[in-house]
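Read the structure below first, then the notes.
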Amino acid sequence: MALSALNAAWLIARKDLTIEFRTRTAFLSALVFALMAIVIFYFSWDPTAIPAGDLAPGVMWVIFTFSGLLGLHRSFGIEQQDRAIDGLLGAPVAREAIYLGKALANLVFVVGIQMVAIPAVALFYNVSVISVAPALAAIALLAAVGLVAVGTLFGSMAVNTRLAELLLPVLSLPFFVPVVVPAAQATAKLLNGRPIAEVDGWLRLLGAFDIVFVTVCMLAFPYTIEE
Amino acid sequence: MTSSVAARDSLESRTQSGIAPVFDWFLVAAGAAVIGTLVRAMAFTPVELRQGPAQKIFYVHAPSAWVAFLAFGLVAVAGLLYLWLRDLRLDRFAESSAEVGVVFTTVVLITGPLWGRPVWGTWWTWDARLTLTLFLWFVYAGYLVLRGAIDNQEQRARYSAVLGALGALLIPFIHLSVYMFRTLHPQPIVMKPGAPSLPNEMLVTLLMAFASFTLLYVALLRARYRLSEARSALAHQEGGDA
Amino acid sequence: MPENAGYYHAAYALTATIYAAYAISIWWRGRRVRERLKGTSARD
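Residue numbers (the numbering used here), protein chains in the order written: chain A, 1 to 227; chain B, 1001 to 1242; chain C, 2001 to 2044.
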């Protein structure tokens, strides 16, 4: 009797998160990377020419993208050791559920980084995010879902190639464009005190991307793990 | 294209009959058609008065862009068909079309700035269509890198099919996000309903360019497909699985 | 009328070069594969 798909997805996500919680290697290194990048970015512009607040949205989204990639690669990297993926594939679990579970764990990873990095950007770049926190959280979540949907699929592909982790950014970054552009633009408007109605179009684009790519990547995933 | 291709010759018969030459009558004819179009564009097509002679870049830029989109569209179609029918010939077709498409995209990206500089006064603009073309180049260059990183023929075909299909799906999203960012390009002038606003001689040159570049695409695709076939025959012969 | 024929000459020359170079690259790669094909069948 097969487990119900959602239940199985939840178990897989919990397994990945437990491994990550016990070792904390990927999360800590991604987090330290994000914080260092935030600081280094500050010194790559002339602060007298461009106010730090104008840089904040771009810095935020570039960093989420790259630190997300660090976690995404690990997601299937841990399955490669001892061919753990074979156990997963042998289990009476729908392949789509494996994808959902992996994606869910990756989503927690990216959201976890956002929860530390967004306050860090607010602190170092001296921008106030408290007044726009709910809207910013919505953008961050919508964008994280899009990044993770595509990244999880490509992560499972990249890990089985000769280039492994080198390939993941090459494949993923073009697909991150329709996520990063709306997210950064909408964040910029919000931080400049514009009403949320002005970012409505960007939010819809993010939502449409999420719906389409979560569905399609879930359907495509079984093709990437056939043996 | 599916059943007729699938019904034809097997790998072995091709191997024994040897591999056809690349510069055959088809490629030569396509090359001649393209050269004929360029000669007509240079010598027998009037100069657009407002933009000057640089407007003639249009006759190579637009048809190359059309071919690039056609090529990538066919990569996606062939990929989906592969996932369904599991015929490696579809994968070789997709591989060939992707590579030829990247070459045409390269031409679009080079002729675009050469046209933009004299007409807009800037080499590069982040206009929706040029930016979309740039990202398409990235996606399908990545597609070729992915192919190069997998040794197993069947696995390579599966992964490429997934990426090819997803790439086509990405196009509207990139276009929308860049379009919402901003746009500068002139509106399409030929496909307007009602009378085309191009003078007749220019229109004929443009249509000739579309036809000859499409022919060039088919010819290069055919030659590239034969290379894929030869490689697969070689892998077969060497007993490896490259 | 603006004097900018140089841009279009450059564009046409580059276009022709790229397509020709690509056709040659297919021919070149094909030749190498064919040589190896012959080489392996001779050994058989």
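All residues carry an ideal CB built from backbone N, CA and C; glycine is no exception.
Contact of A/G201 with chain B is assigned, a C-beta pair being separated by under 8 Å. C/E2003 sits in coil when the DSSP states are folded into three classes, being neither helix nor strand. Listed along the chain, the chain C residues whose CB falls inside 7 Å of the CB of B/T1106 are I2018. Contact between B/G1079 and B/S1160 holds, since their C-beta atoms are separated by about 7 Å, short of 8 Å.
Neighbourhood of B/Y1059 in chain A, by CB distance below 8 Å: empty, with the nearest CB roughly 29 Å away. C-alpha of A/V214 to C-alpha of A/P134: approximately 23 Å in a straight line. A/E198 and A/W61 have their alpha carbons spaced roughly 19 Å apart. For B/A1149, a Cβ of chain A is located within less than 8 Å of the residue's own Cβ. Of the other Cβ atoms in all chains shown, 16 or more fall within 10 Å of the Cβ of A/D16; this residue is therefore buried. The region 1225-1232 of chain B makes no contact with the region 1057-1075 of chain B: fewer than 3 CB pairs, one atom from each, lie closer than 8 Å. Assigned with DSSP and collapsed to three states, B/S1097 falls in helix. The DSSP-derived three-state label of C/I2026 is helix. Residue B/W1120 holds the alpha-carbon nearest to the alpha-carbon of B/Q1051 among B/F1210, B/G1239, B/W1120 and B/A1029.
A distance below 7 Å between beta-carbons, with the five flanking residues on each side excluded, links A/A103 to the following residues of its chain, in chain order: V148, A149 and T152.
A direct Cα-Cα distance of roughly 7 Å separates B/L1090 from B/L1081. Cβ contact annotation for B/L1114 (same chain, cutoff 7 Å, sequence separation greater than five): I1057, in chain order. Contact between the region 1167-1178 of chain B and the region 1118-1133 of chain B is established, with three or more Cβ pairs separated by less than 8 Å. At least 8 Å separates the beta-carbon of B/S1096 from that of B/L1215.
It is roughly 41 Å from the alpha-carbon of A/S29 to the alpha-carbon of B/R1092.
Within 10 angstroms of the beta-carbon of C/A2013 lie fewer than 16 other beta-carbons, which makes it exposed. With respect to chain A, the C-beta atom of B/R1129 has no partner C-beta closer than 8 Å.
Taking CB atoms only, A/T161 has a neighbour in chain B less than 8 Å away. A/S172 has its alpha-carbon roughly 38 Å from the corresponding atom of B/F1026. Taking the C-beta atoms as reference points, A/P169 is found nearer than 8 Å to A/L69. Of all residues in the region 1112-1129 of chain B, only L1114, W1115, R1117, P1118 and V1119 place a beta-carbon less than 9 Å from a beta-carbon of chain C. Proximity of chain B to A/M157 at the Cβ level (cut-off 8 Å) is accounted for by L1146, Y1159, V1162 and L1163, in chain order. With respect to the 8 Å criterion, B/V1067 and C/Y2022 are not classified as neighbours on the basis of their beta carbons. Burial of B/R1158 is indicated by the presence of at least 16 other C-beta atoms within 10 angstroms of its C-beta. The region 91-164 of chain A is shown to contain whole alpha helix (DSSP H) runs of 4 or more residues at 95-124 and 133-158, in chain order. With 16 or more other CB atoms across the displayed protein chains lying within 10 angstroms of its CB, A/K189 is buried. Assigned with DSSP and collapsed to three states, B/T1131 falls in helix. In its chain, beyond the 5 residues on either side, A1128 have a beta carbon closer than 8 Å to the beta carbon of B/Y1179. Contacts with chain A at 8 Å (Cβ-Cβ) do not include B/S1212. Contact annotation: the region 111-131 of chain A touches the region 49-59 of chain A, with at least three C-beta pairs closer than 8 Å. In terms of Cβ geometry, A/A144 and A/V110 form a close pair [threshold 8 Å].
The beta carbon of A/A9 lies closer than 7 Å to those of A97, L100, G101 and L104 in the same chain, with the five residues before and after it left out.
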